[in-house]
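Residue numbers (my numbering), protein chains in the order written: chain E, 1 to 312; chain G, 1 to 297.
If you want it as structure tokens, here you go:
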């Protein structure tokens, strides 16, 4: 283990440095894409806390992302709350709704769990879609103000980077703590975990709340980033998309989902300039991934590195 | 609150019943595949969509032939069934040994692929198929007019239901399929070719989705996006009725059809919320559905 950390730490620092230097390219495109990737990277990691680490397939994670986006945007525009408070409120509200929904979801297992998370997220979607006077309905909630001091794309990029790095460090710390080890134990075998006296449902619920909290933070960033919030971010294909990002990067590695978000968003941007048939390409990528690279990109690389190292 | 005219309510309820029959056709295929193979097929809505597009295609080819509509329905649904069997035989089969998530995501990949393939072939224009000549016109019910075609659909739904109930519960084939749902290893050990059985089940499930799409084509616009819209409703039907439960699916479809058609009169904005709340309540109180049985999945 220590040998591996020794190798990965400089690489990680180098990558972080490169990411921090992106705005120096002075390319609006790079800054835009970078911000988008960072936000979705955080969203995908928060999902993977459930999927890869606790073994819960949430098919309604878009709900918390959307709740975060709407909470932050509505509080800033309609209640003229300052950004710091609205941002914090988005996270808290995301965690509270995850507590409410999760309370019922963790009672179910496997496919039923996925179905109930889906049902709850669809309820949130219908509310956002139909409550025109509050959310603007199908036309979206537009004109979300850029917070003071963050009024340029580059400044917002650095703010996003800071939020995402701090969040990832916090999630990582939670995962390597005894709490995180219990989550992994639950993933491996819930029945046995129950037998050694651990309240499985409680731990799953806490994981669900943490995941909802960080998903909502990512959503709040996303609303500011786009200056608008549309109900589409709550619709079920959005939940599927973040699942794909996670699987694409690799659900059994911590930063895999960030890699997945990066690759997917970069490809989408590239493909969009050639053809409108992005879903077809995404579908083909997903299908070949499932058949040929079930560990995702990071899983594949780790596998190869592992083989190299084992050779004398 | 002003109560609407009762005859209008009856017509609206009959519309709900018509919609329920389509939902039942799709959802019963979904439920069959889930019950037997444990695969939640997201692509079922896509198969339904292809059924509608293929019917449009065949109708435009055979427009001069006698009974062209029924031939188009037959060929379109069989084409969709063949596609389903192909997908099962060459792709899905290799994923059974993996976690359920892999199968789920593969069927979602199919949703993405098939929706764009349909766009590539038929474009983004809206199509419609005209009703067959003998079923044009309407019947008068309490002073209101109701299309003849919809009446046929209302009778056709239960007919298909009875046929499948008979096959599943009264024939050797049906017994084998039910046995596969319970324990595929033992069934294989008893000398049944389980692989072939799964392909057949997928063929039948896809056929039901294709048939639903083919029959809906005269009364609903054929547009991109009809796949995503219908699949969630089919999921709701299956969840409410009970995954893998045949009569549960029928009941679920009836409930959903009525909530949609009557709910829209009472609270037009909230009828969709009702449906999802119903789904949530069923999952919380009876996760295995109204008529389903608890199972170890």
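Each residue gets a CB set at the ideal place from its N, CA and C atoms; glycine is no exception. For clarity, every value in this text was computed on a predicted model and none was experimentally measured.
Quick one: what's got a C-beta closer than 7 Å to residue i's C-beta in the same chain, skipping five residues either side?
i, result
"residue 12(G)", "261, 262, 265"
"residue 251(G)", "241, 290, 291"
"residue 237(G)", "23, 27, 249, 252, 253, 256"
"residue 184(G)", "194"
"residue 152(G)", "135"
"residue 203(G)", "81, 84, 85"
"residue 183(E)", "53, 54, 203, 207"
"residue 283(G)", "239"
"residue 38(E)", "160, 161, 164"
"residue 113(E)", "56, 57, 105"
"residue 160(G)", "25"
Which residue from the options puts its Cα closest to that of residue i?
i, options, result
"residue 117(E)", "142(E), 135(E), 258(E), 212(E)", "212(E)"
"residue 152(E)", "297(E), 294(E), 26(E)", "26(E)"
"residue 42(G)", "270(G), 279(G), 59(G), 232(G)", "232(G)"
"residue 164(E)", "305(E), 252(E), 45(E)", "45(E)"
"residue 161(E)", "253(E), 239(E), 57(E), 222(E)", "222(E)"
"residue 299(G)", "10(G), 9(G), 76(G), 114(G)", "This structure does not reach residue 299(G), given that chain G is present from 1 up to 297, and the question cannot be answered."
"residue 233(E)", "24(E), 256(E), 65(E), 127(E)", "65(E)"
"residue 105(E)", "132(E), 129(E), 206(E), 244(E)", "206(E)"
"residue 228(E)", "141(E), 63(E), 308(E)", "141(E)"
"residue 168(G)", "246(G), 223(G), 267(G)", "246(G)"
"residue 42(E)", "110(E), 256(E), 301(E)", "256(E)"
"residue 141(G)", "284(G), 10(G), 110(G)", "10(G)"
"residue 36(G)", "227(G), 235(G), 276(G), 176(G)", "176(G)"
"residue 91(E)", "177(E), 111(E), 70(E)", "70(E)"
"residue 239(G)", "149(G), 39(G), 5(G), 31(G)", "31(G)"
"residue 78(E)", "39(E), 145(E), 108(E)", "145(E)"
"residue 263(E)", "242(E), 72(E), 276(E), 307(E)", "242(E)"
"residue 288(E)", "114(E), 80(E), 147(E), 248(E)", "248(E)"
"residue 181(G)", "65(G), 56(G), 293(G)", "293(G)"
"residue 157(G)", "21(G), 124(G), 131(G), 191(G)", "21(G)"
"residue 72(E)", "305(E), 139(E), 94(E)", "94(E)"
"residue 201(G)", "218(G), 276(G), 223(G), 164(G)", "164(G)"
Could you tell me which residues DSSP puts in a beta bridge with residue i?
i, result
"residue 140(G)", "145(G)"
"residue 141(E)", "229(E)"
"residue 275(G)", "Paired residues: none, contrary to the question."
"residue 222(G)", "127(G)"
Can you give me the Cβ contacts of residue i inside the same chain, cut-off strictly under 6 Å, excluding the 5 residues immediately before and after it?
i, result
"residue 89(G)", "199"
"residue 206(G)", "47, 80, 81, 84"
"residue 122(G)", "53"
"residue 19(G)", "257"
"residue 107(G)", "41, 42, 43"
"residue 259(E)", "249, 297, 298"
"residue 282(E)", "none"
"residue 251(E)", "48, 51, 52"
Using only the alpha-carbon positions, how far apart do residue i and residue j sit?
i, j, result
"residue 166(E)", "residue 274(E)", "36 Å"
"residue 83(G)", "residue 210(G)", "10 Å"
"residue 76(E)", "residue 217(E)", "15 Å"
"residue 186(E)", "residue 171(E)", "17 Å"
"residue 87(E)", "residue 102(E)", "22 Å"
"residue 55(E)", "residue 200(E)", "12 Å"
"residue 197(G)", "residue 162(G)", "21 Å"
"residue 210(E)", "residue 272(G)", "29 Å"
"residue 245(E)", "residue 155(G)", "45 Å"
"residue 111(E)", "residue 58(E)", "10 Å"
"residue 1(E)", "residue 8(E)", "Low local confidence applies: a pLDDT of 41 at residue 1(E) is under 50, so the model's placement there is unreliable, and no value is given."
"residue 313(E)", "residue 92(G)", "As shown, chain E starts at 1 and ends at 312. That puts residue 313(E) outside it, with no answer to give."
"residue 272(E)", "residue 280(E)", "12 Å"
"residue 298(E)", "residue 18(E)", "19 Å"
"residue 173(G)", "residue 187(G)", "13 Å"
"residue 194(E)", "residue 176(E)", "20 Å"
"residue 314(E)", "residue 265(E)", "There is no way to answer for residue 314(E), as the model of chain E reaches only from 1 to 312."
"residue 308(E)", "residue 300(E)", "13 Å"
"residue 85(E)", "residue 21(E)", "29 Å"
"residue 179(E)", "residue 224(G)", "46 Å"
Suppose the cutoff is 8 Å on Cβ atoms and the five residues either side in sequence are ignored; what does the same chain contact list for residue i look like?
i, result
"residue 102(G)", "95"
"residue 312(E)", "Caution applies to residue 312(E), whose pLDDT of 49 falls short of 50 and renders its modelled position unreliable; the model cannot decide the point."
"residue 150(E)", "83, 156, 159, 224"
"residue 28(E)", "153"
"residue 293(E)", "299, 300"
What does residue i touch in chain C if you count any residue whose Cβ is under 8 Å from its own?
i, result
"residue 116(G)", "Looking at the structure shown, chain C is missing, and the protein chains on hand are E and G."
Point to revise | Contained alpha helix (DSSP H) runs [length at least 4] in the region 147-198 of chain E, N- to C-terminal order | key: Fully contained in the region 147-198 of chain E are the following alpha helix (DSSP H) runs of length 4 or more, in chain order: 153-176, 178-188, 190-195.
Practice item. Output the residue ranges of the alpha helix (DSSP H) runs that lie fully inside the region 32-112 of chain E and measure 4 residues or longer, sorted by chain position. Key: Listed in chain order, the alpha helix (DSSP H) runs fully inside the region 32-112 of chain E are 62-78, 83-105, counting runs of at least 4 residues.
Check your understanding: What residue ranges within the region 243-276 of chain G form continuous alpha helix (DSSP H) runs of no fewer than 4 residues, ordered along the chain?
Key -> 246-266
**Study point:** Minimum length 4: unbroken alpha helix (DSSP H) runs contained in the region 37-104 of chain G
**Key:** Taking only runs of at least 4 residues, the alpha helix (DSSP H) segments lying wholly in the region 37-104 of chain G are 44-62, 68-90.
Exercise for review: Write down every uninterrupted run of the alpha helix (DSSP H) in the region 171-221 of chain G whose length is 4 residues or greater and which is fully enclosed by it, in chain order.
Suggested key: 172-182, 184-189, 194-216
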